Structure formats: C-alpha cells, structure tokens
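For reference, the structure discussed in these notes is given below.
There are 2 protein chains.
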Amino acid sequence: MSYSIGVDLGGTNLRIAAVDEQGHLLEKITLGTRLALGRDQVINDMCEAIRGLEATYQGRASLQGIGVGVAGIIDMRKGMLRESPNLPGWADYPVRAEIEKRLGTQVVLENDANCAALGEKWLGAGREVDDMAMLTLGTGVGGGIVLGGRIWHGMTGMAGEFGHMTIEPDGVPCKCGGRGCLEQYASATAVMRMAREKIDAGAAPGLARAASSDPEFSAKTVYKLAIQGDGVAQHVFSLVGSALGIALATMVNGLNLPMYVIGGGVSGAWEAFSPSMFRELRERSMVYAATAPADMAGDQGGLAKVESGTGTRTIITRALLGSDAGLYGAARVAMMGGGW
Amino acid sequence: MSYSIGVDLGGTNLRIAAVDEQGHLLEKITLGTRLALGRDQVINDMCEAIRGLEATYQGRASLQGIGVGVAGIIDMRKGMLRESPNLPGWADYPVRAEIEKRLGTQVVLENDANCAALGEKWLGAGREVDDMAMLTLGTGVGGGIVLGGRIWHGMTGMAGEFGHMTIEPDGVPCKCGGRGCLEQYASATAVMRMAREKIDAGAAPGLARAASSDPEFSAKTVYKLAIQGDGVAQHVFSLVGSALGIALATMVNGLNLPMYVIGGGVSGAWEAFSPSMFRELRERSMVYAATAPADMAGDQGGLAKVESGTGTRTIITRALLGSDAGLYGAARVAMMGGGW
Numbered sequence: 001m002s003y004s005i006g007v008d009l010g011g012t013n014l015r016i017a018a019v020d021e022q023g024h025l026l027e028k029i030t031l032g033t034r035l036a037l038g039r040d041q042v043i044n045d046m047c048e049a050i051r052g053l054e055a056t057y058q059g060r061a062s063l064q065g066i067g068v069g070v071a072g073i074i075d076m077r078k079g080m081l082r083e084s085p086n087l088p089g090w091a092d093y094p095v096r097a098e099i100e101k102r103l104g105t106q107v108v109l110e111n112d113a114n115c116a117a118l119g120e121k122w123l124g125a126g127r128e129v130d131d132m133a134m135l136t137l138g139t140g141v142g143g144g145i146v147l148g149g150r151i152w153h154g155m156t157g158m159a160g161e162f163g164h165m166t167i168e169p170d171g172v173p174c175k176c177g178g179r180g181c182l183e184q185y186a187s188a189t190a191v192m193r194m195a196r197e198k199i200d201a202g203a204a205p206g207l208a209r210a211a212s213s214d215p216e217f218s219a220k221t222v223y224k225l226a227i228q229g230d231g232v233a234q235h236v237f238s239l240v241g242s243a244l245g246i247a248l249a250t251m252v253n254g255l256n257l258p259m260y261v262i263g264g265g266v267s268g269a270w271e272a273f274s275p276s277m278f279r280e281l282r283e284r285s286m287v288y289a290a291t292a293p294a295d296m297a298g299d300q301g302g303l304a305k306v307e308s309g310t311g312t313r314t315i316i317t318r319a320l321l322g323s324d325a326g327l328y329g330a331a332r333v334a335m336m337g338g339g340w
Numbered sequence: 001m002s003y004s005i006g007v008d009l010g011g012t013n014l015r016i017a018a019v020d021e022q023g024h025l026l027e028k029i030t031l032g033t034r035l036a037l038g039r040d041q042v043i044n045d046m047c048e049a050i051r052g053l054e055a056t057y058q059g060r061a062s063l064q065g066i067g068v069g070v071a072g073i074i075d076m077r078k079g080m081l082r083e084s085p086n087l088p089g090w091a092d093y094p095v096r097a098e099i100e101k102r103l104g105t106q107v108v109l110e111n112d113a114n115c116a117a118l119g120e121k122w123l124g125a126g127r128e129v130d131d132m133a134m135l136t137l138g139t140g141v142g143g144g145i146v147l148g149g150r151i152w153h154g155m156t157g158m159a160g161e162f163g164h165m166t167i168e169p170d171g172v173p174c175k176c177g178g179r180g181c182l183e184q185y186a187s188a189t190a191v192m193r194m195a196r197e198k199i200d201a202g203a204a205p206g207l208a209r210a211a212s213s214d215p216e217f218s219a220k221t222v223y224k225l226a227i228q229g230d231g232v233a234q235h236v237f238s239l240v241g242s243a244l245g246i247a248l249a250t251m252v253n254g255l256n257l258p259m260y261v262i263g264g265g266v267s268g269a270w271e272a273f274s275p276s277m278f279r280e281l282r283e284r285s286m287v288y289a290a291t292a293p294a295d296m297a298g299d300q301g302g303l304a305k306v307e308s309g310t311g312t313r314t315i316i317t318r319a320l321l322g323s324d325a326g327l328y329g330a331a332r333v334a335m336m337g338g339g340w
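First to last, the sequence lines map onto chains A and B.
Residues in the first sequence are numbered from 1 upward in steps of one, following the working numbering.
Residues in the second sequence are numbered from 1 upward in steps of one, following the working numbering.
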C-alpha cells in the first residue's frame with residue numbers, strides 16, 4: 001500500500017491527514033494553529049504531526065509525498081506566500097523551504113482552494129468529469145480550476161482567484177485592493193456584514209433579536225432565520241446568490257466547463273441562495289442557456305446526477321466532501337508530484 | 001509545399017485566403033457578404049472562391065484543410081451557429097454541413113475570435129508564449145483562449161466569450177440577454193453609444209460638430225478628437241479603458257496567463273484607453289500586481305517585448321496582425337486538424 005500526507009494549514013485549524021491511493025482516510029490529526037507563538041512554532045507543530053504519521057505507517061505503507069494547502073496567493077516557483085489573509089506576517093517567510101528543512105524531504109505547497117477543487121475532482125462532485133472549476137465560500141471566497149484532471153496553475157501558480165472577480169465596480173472595498181469583489185458578497189464575512197447593516201439600519205427585527213440573544217450569532221444563524229421565513233435574512237442570501245450568479249456567468253461564458261462546484265461553509269445555505277444564483281446565471285450567460293441541463297436538475301436539487309459520457313451539459317452543483325475537500329486534495333497533489 | 005485555406009465570414013465582408021505552412025499569405029480574396037440573397041448564396045460564393053484557390057494551387061501545393069471563422073456561439077459538435085449576431089437567421093442552418101456538401105470535403109467551423117487568438121499566437125503578438133487570451137474589440141467584443149498552443153474550446157466549443165462578462169450588474173442591456181456586458185462598454189458600437197449620449201445631453205460641442213459635419217462619423221472620429229485633446233472624447237475612451245481593466249483583472253486573477261492580447265478595430269485607440277485600463281487592472285488584480293513587468297513596458301508602450309523563457313511576467317499588449325488575424329487563424333485551425 002502507498003499513501004500520502006495532506007496538510008490544511010488554516011488561520012484557526014491545522015489539520016494533517018494520511019490518505020491512501022484509493023482516497024481512504026487512514027488517520028486525521030486536528031490541531032489549533034498557534035499563530036501567536038510565531039511562524040516557526042506553527043511549522044514545528046505541523047512537522048511533528050507529519051513525522052508522527054510517518055512513524056505510524058513506517059514499514060506498512062510507502063509514503064508518496066506531502067502536500068500542504070494554505071490560503072493565499074502562492075508563488076509556486078519560490079514556495080512562498082505572496083498574500084496571506086489568514087496568516088498575517090507570513091508573506092516574506094519561505095514556507096516550503098522551512099518545512100523541507102525540518103523534514104529533510106520535498107513537499108508541495110499549494111493554494112487551499114486549488115486543493116479543495118482537486119479533492120472534489122478526485123473523490124467528490126467532480127469524479128465523472130476531467131475539467132471543472134470550484135468556488136469555496138468560507139471566511140473569504142477561494143477558487144480553483146482543474147483541467148484534464150490536474151490543477152490549472154497558470155504561469156506562476158496564481159490562477160483560480162475567482163473570489164476577487166469584480167461583481168460591483170463601485171462596490172464594497174476589498175482587502176485585495178479592489179472594490180466589489182465576489183468575496184465581499186458571497187463569503188461568511190459578507191453575510192455577516194450585510195446582516196449587521198440591516199440590523200444597524202433598524203430594518204431587521206428578527207436578525208436584531210438573534211444577534212442580541214445568541215452569543216454565537218453567525219452566517220449560519222442568518223441562514224437558519226432565512227429558512228424559517230425571515231424576509232430580511234432571505235434577502236441577504238438572495239444577494240449572495242445574485243453575486244454568485246454573476247460570477248458563474250462570467251466563468252461559464254469564459255471557460256465552458258462541464259462542471260462548477262460550490263463548496264465551503266456558506267454552500268450549506270444552498271437552499272437560500274441558489275434560486276437567485278440560477279436566475280442571474282441563466283439571464284447573463286448565453287453559454288449556460290445553451291447548455292443547461294434540460295430537466296433543470298441542477299437548478300433544482302443542486303445535486304444533479306452527471307450524465308457520464310455525454311458532456312454537453314453545464315452542471316452547477318454543491319461540493320460533496322465538506323471541509324475535508326482541501327485535505328484530500330493536498331494529499332492528492334502530493335501523489336501527483338505537484339503537477340507543476 | 002503545403003497550404004490551407006482560411007475563411008473569415010463576417011456580416012459585411014467575406015474573405016478567403018490561401019496560407020502556406022510557414023504563415024505566408026499566398027492569395028487573399030475579398031468579397032461582400034451578400035446576406036440579402038440568402039444563406040445558400042453566401043455559402044455558394046464562399047465555395048466558389050475556395051474552389052478557385054484550389055484550382056490555382058492544384059499540382060503546386062497540397063491542401064491541408066479548410067477553416068471557416070464566423071462570429072457567434074458555435075456548437076462545434078453539430079457545426080451550427082447557436083447565436084449569430086452578424087448573420088441573422090442563420091441559427092438553424094447547418095453551416096458546416098452545407099459547406100462540406102458543396103466542396104465534398106471536411107471543413108472546420110470555428111468562432112472568429114478564437115481564430116483571431118490562434119492567428120496572433122501563430123504569427124503575431126503571442127508567438128513566444130504557449131498560453132494566451134485575446135479580446136477582439138470590433139462591432140462587438142469577442143474573445144479567445146489559447147492553451148498549450150491550441151484553442152481552448154471548453155465542453156461544447158463555446159469558451160472565450162469574454163465580451164459578455166458582466167462589468168456593471170445594472171448596466172446597459174445587451175442583446176445576449178444580460179446587462180452591463182463588456183461589449184456594451186468596449187466595442188465600436190459602445191463608443192458610438194457613449195458619444196451620442198454625450199451629444200444628446202448637450203455636453204459635447206466638439207463631438208456634436210463632428211457628428212453633424214462628418215458623414216462618416218464613427219468610433220474612429222471619436223478617437224481622433226480624443227488625441228486632439230477633446231475632453232469628452234477622452235472621457236469616452238477612459239470609460240472603455242476602465243471596462244477593459246475590470247475585465248482583464250478578472251481574467252488575470254482567474255487564469256494567470258503570461259499574455260493577454262487586445263485586437264480589433266478599437267484597439268487602434270490604445271493610446272486613448274490604455275492608461276485607465278492599466279490603472280483599473282493594477283488596482284483590481286493582485287495577481288497582476290504580483291506579476292506585472294518590472295519596467296512597466298506593458299503599461300507604457302503597449303508593445304512590450306516578451307522576455308522569452310522567463311515566464312513570470314504578465315504581458316498585456318496590442319495585437320499585431322490587424323484584421324487579418326482571424327483569416328490566418330482560420331487557416332491555422334485547418335492545418336491543426338480542428339484540434340477539438
């Protein structure tokens with residue numbers, strides 16, 4: 001048996017998993033990311049866990065490689081983060097070299113949303129297609145493209161940054177330097193901003209009650225209110241859906257892929273945002289209109305069955321692997337030798 | 001010697017060229033597209049010209065193939081137009097089959113902007129790169145993607161429709177069904193619309209004078225006024241540039257290609273629109289900011305020299321082949337056997 005190790009280095013959690021070549025999870029370790037103790041400590045924690053897994057499987061399985069997924073713009077040639085929203089202060093830190101120095105072996109550093117896309121391609125929603133794109137709706141919005149079964153990196157490894165597509169030219173300023181980016185309308189952060197704005201305007205009694213009584217008031221709370229019939233909460237998610245529809249229309253018109261997968265925590269609110277998403281997409285993309293599933297399964301259930309082998313329908317669907325997509329993808333990246 | 005025949009079937013002109021495998025133009029025939037006489041007549045005109053070229057080179061060179069570029073959304077499997085802005089009434093017409101029936105040989109039907117992109121890759125601005133995208137700014141705005149030296153068709157041959165990216169969600173309605181598409185801000189039609197709006201508002205004395213005195217008042221006239229210092233004409237082109245910058249930012253963030261080429265008639269106004277284009281692009285694309293040419297040659301001259309072999313800089317540049325790009329590309333498509 002052979003296996004590889006995937007790492008998901010997030011701003012809150014640090015997860016390390018051993019995955020075999022069929023995609024079975026052998027073992028998963030979840031740690032807190034101890035950012036306050038400094039970059040070296042976080043890397044030490046990661047490498048210690050990796051060495052622990054290596055020791056466990058020593059003699060029983062051969063290690064094919066180690067893949068590390070991390071949020072941010074990565075310069076793949078240098079193995080460094082160019083922008084790192086979740087890991088402040090890491091931009092000048094040679095992440096890949098520091099890991100390799102401690103482990104004495106090569107590792108692949110990869111954008112976390114690219115990992116998630118590859119994970120869904122390998123074991124999730126994209127199993128039946130060769131080409132797909134994915135949007136990951138979390139604290140921010142990430143994206144990844146898979147072409148011919150491999151991550152499409154572009155020239156320097158920075159492709160797939162769909163979270164920073166302009167949706168509203170004069171819209172909400174984004175930390176990327178732009179304005180009106182998709183991330184400002186379709187992330188959990190955006191859901192909370194829109195909810196707070198409604199509360200502050202005195203126009204959302206239901207949201208205001210929830211915000212003052214629930215110490216864990218979050219995007220998920222807003223979603224729960226939306227499915228319970230709260231009109232303001234529903235409106236917030238219709239704005240999320242419209243922004244996604246505009247983004248998908250541009251992606252479908254530009255790339256004409258057979259599948260676009262929506263994942264990340266906010267994708268759990270599919271029921272609340274997908275009607276406006278599909279409405280906007282149909283209106284804005286003649287390529288989608290010409291290739292949408294005849295039975296509108298994608299529009300309705302969100303878990304459309306892919307007609308294997310036909311390849312003339314555009315499927316927009318939910319991710320299947322939840323928060324593990326990136327972890328599986330990081331392991332897969334290592335099996336594929338980086339692919340870049 | 002071997003050669004192929006490329007056709008550019010436009011709404012006004014029908015051009016047919018014989019091109020050898022090195023890209024030398026052997027002969028070019030320019031006809032009017034006699035749309036009023038019906039689809040069959042236009043196809044007959046085309047096939048007669050093709051047979052004429054075949055007869056000329058018979059025995060001297062071997063014909064490798066015939067490629068036909070046409071504006072619109074093409075279903076490549078069926079060889080039919082799904083949307084045909086310049087050829088009204090052709091959407092249910094089996095274009096490829098009708099040509100093949102007359103010639104008794106296979107032909108490749110290809111989107112005209114895809115042909116232009118491949119032409120520029122082969123003999124123009126993109127000679128030194130394997131991957132590039134192109135925007136063609138004409139009556140409408142077309143687009144094409146070349147990956148690994150071949151046109152990226154996507155699933156059904158409809159990829160590259162960048163002209164219908166949303167730039168302004170509540171913007172000018174587009175005939176595609178969407179609103180605020182790039183085509184509504186960066187085509188010759190858009191330049192004329194914006195100029196007329198300024199004239200109608202009584203806010204453009206220079207443009208009004210030109211419009212009433214010049215029977216051939218066009219986007220080119222607006223450009224000439226802009227470089228002569230007319231503030232309103234300059235403003236119109238700064239809006240063209242902003243729209244292009246927004247579109248390019250999304251393309252650069254999403255695809256991370258080494259080169260984006262701007263062609264078509266309106267690209268002749270580069271001097272007038274490129275400053276706002278680059279300003280908007282830098283502000284909105286962190287991928288561009290991280291990969292822009294250090295000397296800003298691309299920003300300034302528009303005809304940046306590509307540093308061959310380095311491949312870490314994003315070049316935005318003007319097309320080099322003018323209106324022949326699509327014709328060369330159609331011939332090239334045929335040499336490559338369609339590639340789909």
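Just so it is clear, CB atoms sit at the ideal spot from N, CA and C, and this is done for glycine as well.
Bear in mind that the values here come from a model prediction, so they are computed numbers and not experimental data.
Neighbour list for GLU120(A) in chain B, Cβ cutoff strictly below 9 Å: Residue 120(A) sits at position 120 when you count from the first residue of the first sequence. Chain B residues near GLU120(A): none, gap ~18 Å exceeds 9 Å.
| query | What residues in the segment 163 to 176 of chain B bring their beta carbon closer than 8 Å to a beta carbon of chain A? | reply | Within the segment 163 to 176 of chain B, the qualifying residues are HIS164, MET165, THR166, ILE167, GLU168, PRO169, CYS176.
*Cross-chain neighbours of ARG82(B) in chain A, by beta carbon under 7 Å*: As a first step, residue 82(B) is located in the second sequence; it is residue number 82 there, counting from the start. Around ARG82(B), the beta-carbon contacts reaching into chain A at under 7 Å are ALA290.
Original post:
Tell me, which residues are paired with THR317(B) by DSSP?
Top reply: Here residue 317(B) refers to the residue found at position 317 when the second sequence is read from its first residue. VAL261(B).
For this session: Please check if any C-beta of chain A sits within less than 8 Å of the C-beta of THR156(B).
Result: If you number the second sequence from 1, residue 156(B) lands on position 156. Output row for THR156(B): interface = yes.
Inset, instruction - Take LEU321(B) and list the residues in its own chain whose beta-carbon comes closer than 7 Å to its own, dropping the five residues that flank it on each side. - result: As a working note, residue 321(B) is residue 321 in the second sequence. Correct list, in chain order: GLY119, GLU120, LEU123, GLY124, TYR328.
Discussion item. What does the alpha-carbon distance come out to for the pair ASP170(B) and ARG179(B)?
Written reply: For the purposes of this step, residue 170(B) is taken as residue 170 along the second sequence, with counting starting at 1. For the purposes of this step, residue 179(B) is taken as residue 179 along the second sequence, with counting starting at 1. So the alpha carbons of these two residues sit roughly 6 Å apart.
Can you give me the Cβ contacts of ILE167(A) inside the same chain, cut-off strictly under 8 Å, excluding the 5 residues immediately before and after it? By 1-based counting over the first sequence, the position of residue 167(A) is 167. Result list for ILE167(A): GLY180, CYS181, LEU182, GLN184, TYR185, ALA243, ILE246, ALA247, in chain order.
Checklist entry - Leaving out five residues before and five after PRO173(B) in sequence, what residues of the same chain have Cβ atoms less than 6 Å from its Cβ? => result On the second sequence, position 173 is the one that residue 173(B) refers to. Only ARG179 meet the Cβ criterion.
task: Would you kindly work out how many angstroms separate the C-alpha atoms of LYS28(B) and GLY326(B), rounded to a whole number?
output: The count along the second sequence starts at 1 and reaches residue 28(B) at position 28. The count along the second sequence starts at 1 and reaches residue 326(B) at position 326. If I take the Cα positions, the gap works out to 13 Å.
message = Let me check understanding here. Comparing Cα to Cα, which of HIS235(B), ALA91(B), ILE227(B) lies closest to GLY268(B)?
response = Taking the first residue of the second sequence as 1, we reach residue 268(B) at position 268. Of HIS235(B), ALA91(B), ILE227(B), the residue nearest in Cα terms is ILE227(B).
Skipping 5 residues on each side, what residues in its chain have a beta carbon closer than 8 Å to that of MET1(B)?
-> Your numbering for residue 1(B) matches position 1 in the second sequence. Here the set comprises ASP20, GLU21, ARG60, ALA61, SER62.
Just how far apart, CA to CA, sit PRO293(A) and ARG284(A)?
-> Taking the first residue of the first sequence as position 1, residue 293(A) is located at position 293. Taking the first residue of the first sequence as position 1, residue 284(A) is located at position 284. Each residue's Cα considered, the two are about 16 Å apart.
Q: Starting from SER213(B), follow the alpha helix (DSSP H) in both directions and report where the run begins and ends.
A: Position 213 of the second sequence, counted from the start, is the residue given in the question as residue 213(B). Per DSSP, SER213(B) belongs to the alpha helix (DSSP H) from 205 to 213.
Quiz item: How would you call SER212(A), buried or exposed, if buried means at least 16 neighbouring beta carbons within 10 angstroms?
Solution: As a working note, residue 212(A) is residue 212 in the first sequence. Exposed, because fewer than 16 other Cβ atoms sit within 10 Å of the Cβ of SER212(A).
With LYS175(B) as the anchor, note down where its beta strand (DSSP E) starts and where it stops. Residue 175(B) sits at position 175 when you count from the first residue of the second sequence. Note, LYS175(B): premise wrong, no beta strand (DSSP E); not H, not E.
Discussion item. In this structure, how does DSSP classify GLY144(B) when only helix, strand and coil are distinguished?
Written reply: For the purposes of this step, residue 144(B) is taken as the residue at position 144 of the second sequence. Three-state DSSP puts GLY144(B) in a strand.
* **DSSP three-state assignment for ARG196(A), whether helix, strand or coil** => As a working note, residue 196(A) is residue 196 in the first sequence. Helix.
Looking at C-alpha atoms only, which residue of GLY72(B), ASP112(B), THR105(B) is the closest neighbour of TYR93(B)? As a position in the second sequence, residue 93(B) is number 93, starting the count at 1. Restricting attention to GLY72(B), ASP112(B), THR105(B), the CA atom closest to the CA of TYR93(B) is found in GLY72(B).
Since GLU110(A) sits in a beta bridge, which residues does DSSP pair it with?
Taking the first residue of the first sequence as position 1, residue 110(A) is located at position 110. Per DSSP, GLY69(A).
Does the segment 133 to 141 of chain A come close enough to the segment 187 to 197 of chain A that 3 or more CB-CB pairs lie under 8 Å?
Enough Cβ pairs lie closer than 8 Å, so yes.
Under 7 Å Cβ to Cβ from TRP23(B), same chain only, skipping five residues before and after it: list those, please.
On the second sequence, residue 23(B) is found 23 positions in, with the first residue counted as 1. Checking the sequence shown, residue 23(B) turns out to be Gly, not Trp. Answer for GLY23(B): TRP122, LEU123, TYR328, listed in chain order.
*Could you please tell me which residues of the segment 239 to 266 of chain A, in chain order, have their CB closer than 7 Å to any CB of chain B?*
Hits within the stretch, in order: ILE246, ALA249, THR250, ASN253, GLY254, LEU255, ASN256, LEU257, PRO258.
TYR93(B), enclosing alpha helix (DSSP H) - first and last residue | As a working mapping, residue 93(B) is identified with position 93 in the second sequence. For TYR93(B), there is no enclosing alpha helix (DSSP H), as DSSP marks it with neither H nor E.
**Asked** the segment 42 to 75 of chain B: which residues have C-beta closer than 9 Å to a C-beta of chain A, in chain order?
**Response** Answer in chain order: ILE73, ASP75.
Notebook entry, point to check: Taking the Cβ atom as the reference point for each residue, do LEU109(A) and VAL146(A) lie within a distance shorter than 8 Å?
Noted result: Against the first sequence, residue 109(A) aligns to sequence position 109. Against the first sequence, residue 146(A) aligns to sequence position 146. Taking 8 Å as the Cβ cut-off, LEU109(A) and VAL146(A) do not qualify as a contacting pair.
### Query
For chain A, is any of its Cβ atoms less than 8 Å away from the one on THR312(B)?
The residue you call residue 312(B) lines up with position 312 of the second sequence. Using a Cβ-Cβ cut-off of 8 Å, THR312(B) counts as an interface residue toward chain A, since at least one Cβ of chain A sits closer than that to its own.
Answer with yes or no whether the minimum CB distance from LEU303(B) to chain A is below 8 Å. In the second sequence, residue 303(B) corresponds to position 303, counting from 1. Here the model assigns LEU303(B) a pLDDT of 46, short of 50, so the residue's position is not dependable, and the following value carries that caveat. No, no contact with chain A.
At least one CB of chain A closer than 8 Å to the CB of GLU342(B): is that the case?
Because residue 342(B) is not part of the residues shown, which for chain B are 1 to 340, the question remains open.
Report task. With DSSP as the reference, label THR30(B) as helix, strand or coil. Result -> Stepping through the second sequence from its first residue, residue 30(B) is reached at position 30. In this structure, THR30(B) counts as strand in the three-state DSSP scheme.
Could you check what DSSP says for GLU341(A) in three-state terms: helix, strand or coil?
This structure does not reach residue 341(A), given that chain A is present from 1 up to 340, and the question cannot be answered.
- If you check the beta carbons only, do MET155(B) and THR312(A) fall under 8 Å apart? Taking the first residue of the second sequence as position 1, residue 155(B) is located at position 155. Taking the first residue of the first sequence as position 1, residue 312(A) is located at position 312. In this structure, THR312(A) lies closer than 8 Å to MET155(B) by Cβ.
Task: Whether MET259(A) touches GLY149(A) by CB criterion (8 Å) - done: On the first sequence, position 259 is the one that residue 259(A) refers to. On the first sequence, position 149 is the one that residue 149(A) refers to. Cβ atoms of MET259(A) and GLY149(A): not closer than 8 Å.
* To do: Grab me the residues of ARG279(B)'s own chain with a C-beta within less than 7 Å of its C-beta, minus the 5 sequence neighbours each way, in chain order.
  => Within the second sequence, the letter at position 279 stands for residue 279(B). Apart from sequence neighbours up to five positions away, the residues of its chain that approach ARG279(B) with a beta-carbon distance below 7 Å are GLY245, ordered along the chain.
Taking 8 Å as the limit between beta carbons, can you name the residues of its chain near ARG82(A), skipping five residues before and five after?
For this step, residue 82(A) is matched to residue 82 along the first sequence. The residues are GLY72, ILE73, ILE74, ASP75, ALA91, MET158.
Next on the checklist: If I measure Cβ to Cβ from ILE43(A) and keep anything under 8 Å in the same chain, skipping five residues before and after, which residues do I get?
Outcome noted: For this step, residue 43(A) is matched to residue 43 along the first sequence. Closer than 8 Å at the Cβ level, and outside the excluded window around ILE43(A), lie VAL95, GLU98, ILE99, ARG102.
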